[in-house]
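Each remark here refers to the structure printed beneath this line.
Numbering (the working numbering), first residue to last: 59 to 279.
Here is the structure:
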């Protein structure tokens, strides 16, 4: 009877032990599944700056460091950055010569505008620094002007003035030009239906010059 009881107890105890052993084994964390691999960690985000944005950042930093006020904005057609890019384009294209640069951007536009232009040229159009230097020298000569009505002035001090000299333009179609004295009396004029080129000399004694549909005039001498 005693042997039978021992056998029964043994039969009950061993399966329980086996079950306990299996449960404790399965409850241990698997090192191969919980360990974090260095290669699987998320890479630090990187920010890509476009060349245009980098140029704007340099431009804005230079103006800010110099204490020069400017309209922010790096998008097309926005802020002083876009305006100054247009100035650089005009300088490169020849539509803004040293004389006009000195007279308008470095003169009538105001001191803040002058400081901004002299600061931005080395950044946005460094190839135009010789033109800027000529404009700042005070010795720039008018080499080009467009259609309009002008007061003839040796120093070009009037708001809309042209310096005496010989200028040419062309080709033209239906171009009208006129030289007048200081009282507005016509000295010489011409209406040109069509021509490959026109050359006109504006004398120091002239008072005014008018050009309609003649295109840009360029200084010859």
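Where a beta carbon is used, it is the ideal one built from N, C-alpha and C, also for glycine.
| field | Outcome for residue 244 when other beta-carbon atoms lying within 10 angstroms are tallied against a minimum of 16 | value | Residue 244 sits at position 186 when you count from the first residue of the chain shown. Looking at its Cβ environment, which holds fewer than 16 other Cβ atoms inside 10 Å, residue 244 is exposed.
| task | Compute the beta-carbon to beta-carbon distance between residue 237 and residue 205, rounded to the nearest angstrom, for a pair I have assumed lies under 8 Å. | result | One-based indexing of the chain shown puts residue 237 at position 179. One-based indexing of the chain shown puts residue 205 at position 147. Not quite, the Cβ-Cβ distance comes to about 15 Å (not below 8 Å), so this is no contact.
| So which of 166, 155, 247, 139 has the shortest CA-CA distance to residue 259? | Taking the chain shown and counting its residues from 1, the one referred to as residue 259 is at position 201. It is 247.
| said: Residues in the same chain with beta-carbon distance under 8 Å from residue 142, minus the five sequence neighbours each way, listed in chain order, please. | reply: Start at 1 with the first residue of the chain shown, and residue 142 comes out as number 84. Closer than 8 Å at the Cβ level, and outside the excluded window around residue 142, lie 117, 174, 175, 178, 182.
| Which of the three DSSP states, helix, strand or coil, is assigned to residue 146? | Locating residue 146 in the chain shown gives position 88, where the first residue counts as 1. It is helical.
| message | Using 9 Å as the threshold, is the C-beta distance between residue 208 and residue 266 below it? | response | Here residue 208 corresponds to residue number 150 of the chain shown, with the count starting at 1. Here residue 266 corresponds to residue number 208 of the chain shown, with the count starting at 1. Yes.
| request: Let me know the secondary structure DSSP gives residue 249 once reduced to three states. | output: Reading the chain shown from its first residue, position 191 is the one you call residue 249. Note: residue 249 maps to strand in three-state DSSP.
| query | Does the Cβ of residue 269 have 16 or more other Cβ atoms within 10 Å, making it buried, or fewer, making it exposed? | reply | On the chain shown, position 211 is the one that residue 269 refers to. Result: buried.
| request: Would you identify the three-state DSSP class for residue 154, choosing helix, strand or coil? | output: As a position in the chain shown, residue 154 is number 96, starting the count at 1. Three-state result, residue 154: coil.
| task | Pull up the DSSP beta-bridge partners for residue 230, would you. | result | The residue given as residue 230 occupies position 172 in the chain shown. DSSP lists 253 as partners of residue 230.
| said: Please report the straight-line C-alpha distance between residue 87 and residue 122, rounded to a whole angstrom. | reply: The count along the chain shown starts at 1 and reaches residue 87 at position 29. The count along the chain shown starts at 1 and reaches residue 122 at position 64. At residue 87, the pLDDT of 43 sits below 50, so the modelled position is not reliable and the matter cannot be decided from this model.
| If you draw a straight line from the C-alpha of residue 277 to the C-alpha of residue 104, how long is it? | To locate residue 277, count along the chain shown from 1; it is residue 219. To locate residue 104, count along the chain shown from 1; it is residue 46. Near 54 Å, if we compare the C-alpha coordinates of residue 104 and residue 277.
| task | Note the first and the last residue of the continuous beta strand (DSSP E) segment covering residue 207. | result | Position 149 of the chain shown, counting from 1, holds the residue named residue 207. 206-210 is the extent of the beta strand (DSSP E) around residue 207.
| said: Just to confirm my understanding: we take residue 262, look at its own chain, exclude 5 residues before and 5 after, and list those with CB closer than 6 Å. What are they? | reply: The residue labelled residue 262 in the question sits at position 204 within the chain shown. Excluding positions up to five away in sequence, the list reads 222.
| said: Between the alpha carbons of residue 155 and residue 241, how many angstroms are there, rounded? | reply: By 1-based counting over the chain shown, the position of residue 155 is 97. By 1-based counting over the chain shown, the position of residue 241 is 183. C-alpha separation (whole angstroms): 30 Å.
| request: For residue 224, collect the residues of the same chain with a Cβ closer than 6 Å to its Cβ; drop the 5 residues on either side in sequence, then sort them by chain order. | output: Residue numbering aside, residue 224 sits at position 166 when the chain shown is read from its first letter. Only 259, 278, 279 meet the Cβ criterion.
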